[in-house]
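Notes for the one structure printed next.
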Amino acid sequence: MPSEKLRLRFADVLEDSRCPTEVECFWTGQARIAIEVQPDGSGPTAVQFNTNPAPGQTVNTATVGRYTIELRSLDPYPQTPDDPIRFESYRATLMVQNR
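This note's numbering applies: residue 410 is where the sequence shown begins, and numbers increase by one.
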């Protein structure tokens with residue numbers, strides 16, 4: 410089978426309300442990110458992931474064409490509420506499988 414190209418682009422951090430590690434929070438918060446997925450020969454598709462641990466809220470996998478993309482982690486984790494994270498500092502770890 411010939412090799413295929415798949416482009417992934419970390420497009421945006423839509424929300425990062427995760428509870429900072431140096432704070433005690435009532436709610437753990439969530440991070441939502443957008444990834445642009447573009448299989449070879451197709452237009453880009455935007456997918457969103459959500460780290461919300463509440464039942465039915467977590468979105469850590471997406472399917473685009475024959476590919477399944479899984480969000481493994483989003484770093485760095487907030488440390489204090491007064492130290493916002495710049496977009497350029499975020500790192501999303503993804504696992505891609507060809508179905």
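We treat Cβ as the ideally placed atom computed from N, Cα and C, and that holds for glycine.
Remark: C-beta atoms of T467 and A440 do not approach each other more closely than 8 Å.
In the structure shown, E497 adopts helical secondary structure according to DSSP, grouped into three states. With distances taken between CA atoms, F419 lies nearest to Y499 out of R508, M504, V505 and Y499. When only Cα atoms are considered, T472 and D425 end up about 23 Å apart. In this structure, the alpha-carbon of G474 lies about 20 Å from that of I442. The DSSP-derived three-state label of T460 is coil. By the beta-carbon neighbour count (other beta carbons within 10 angstroms, threshold 16), F458 is buried.
Going by DSSP, F435 is part of no beta strand (DSSP E) at all; its letter is neither H nor E.
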